[in-house]
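Participant: Numbering (the working numbering), first residue to last: 11 to 188. All C-beta atoms, glycine included, are put in the ideal place defined by N, C-alpha and C. Keep in mind the model is a prediction, meaning the values are calculated, not measured.
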């Protein structure tokens, strides 16, 4: 559901030439940590994105130092950053529910959420503890757990899914509801 929703939204944004974003970075963590003895980490994402954005030494420093450099590089241009399926990097139900296990990702989100030149979209089942103080301000939390087909269609419509080919569609369109 969350991945499909964000993929549909991104397809519409791509059709609209990304609505002013100078860069688009899209990453999925969904499959990490699903195999035996595999620890989920943001390290590969951070290192690869540092390379892509021109960092001279993407493996230098601690995870937090690399993430801090990444915040700076991302903020150089209006960037759409989509981090899909963050759950493998978060603690499961228990006393630390929703907290990030990965220091680099925690540093990245703490650095980008209060102020950045673009937009960060995170999909996850649990609220990200490290940015909770920003919910309602520079971070907007959309709880999709109880979304009806009609509400989902309206959300897609408001996100820009207003056409089916050449035809204009309405917010209650049956295809959007599906």
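#1: Short of 6 angstroms in beta carbon distance, which residues of its chain neighbour residue 89, apart from the five on each side in sequence? Order them along the chain.
#2: Out of 145, 65, 73, 162, point me to the one whose CA is closest to residue 19's CA.
#3: Considering Cα atoms alone, identify which of 115, 143, 66, 91 is closest to residue 28.
#4: Cα-Cα, which of 170, 165, 40 is closest to residue 98?
#5: Within this structure, are the beta carbons of residue 59 and residue 117 separated by less than 8 angstroms?
#6: Using three-state DSSP, classify residue 89 as helix, strand or coil.
#7: Would you call the CB atoms of residue 53 and residue 114 closer than 8 angstroms?
#8: Check whether the segment 144–157 and the segment 93–113 are in contact - that is, three or more C-beta pairs closer than 8 angstroms.
#9: Give the single residue among 75, 186, 131, 108 whose Cα lies nearest to the Cα of residue 158.
#10: Return helix, strand or coil for residue 27, following the three-state DSSP convention.
#11: Give every residue of the same chain whose Cβ lies closer than 7 angstroms to the Cβ of residue 132, excluding the five residues on either side of it in the sequence, and list them in chain order.
#12: Quick one: using the 10 Å Cβ neighbour count with 16 as the cut-off for buried, is residue 120 buried or exposed?
#13: Assign residue 178 to one of two classes, buried (16 or more other C-beta atoms within 10 Å of its C-beta) or exposed (fewer than that).
#14: Could you tell me how far apart the beta carbons of residue 134 and residue 100 are, in whole angstroms, since I believe they sit closer than 8 angstroms?
#15: What residue range does the beta strand (DSSP E) around residue 36 cover?
#16: If we ignore side chains and look at the alpha-carbon of each, how far apart do residue 47 and residue 184 end up?
#17: Bridge partners for residue 129 per DSSP, in chain order?
#18: If I'm right that residue 23 touches residue 170 with Cβ under 8 angstroms, what's the distance once you round it to whole angstroms?
Facilitator: In terms of the structure at hand:
#1: 33, 128
#2: 162
#3: 91
#4: 40
#5: no
#6: strand
#7: yes
#8: no
#9: 186
#10: helix
#11: 93, 96, 138
#12: buried
#13: exposed
#14: 6 angstroms
#15: 33–38
#16: Reliability of the predicted coordinates at residue 47 is poor, the pLDDT of 44 falling under 50, and no value is obtained from them.
#17: 90
#18: 7 angstroms
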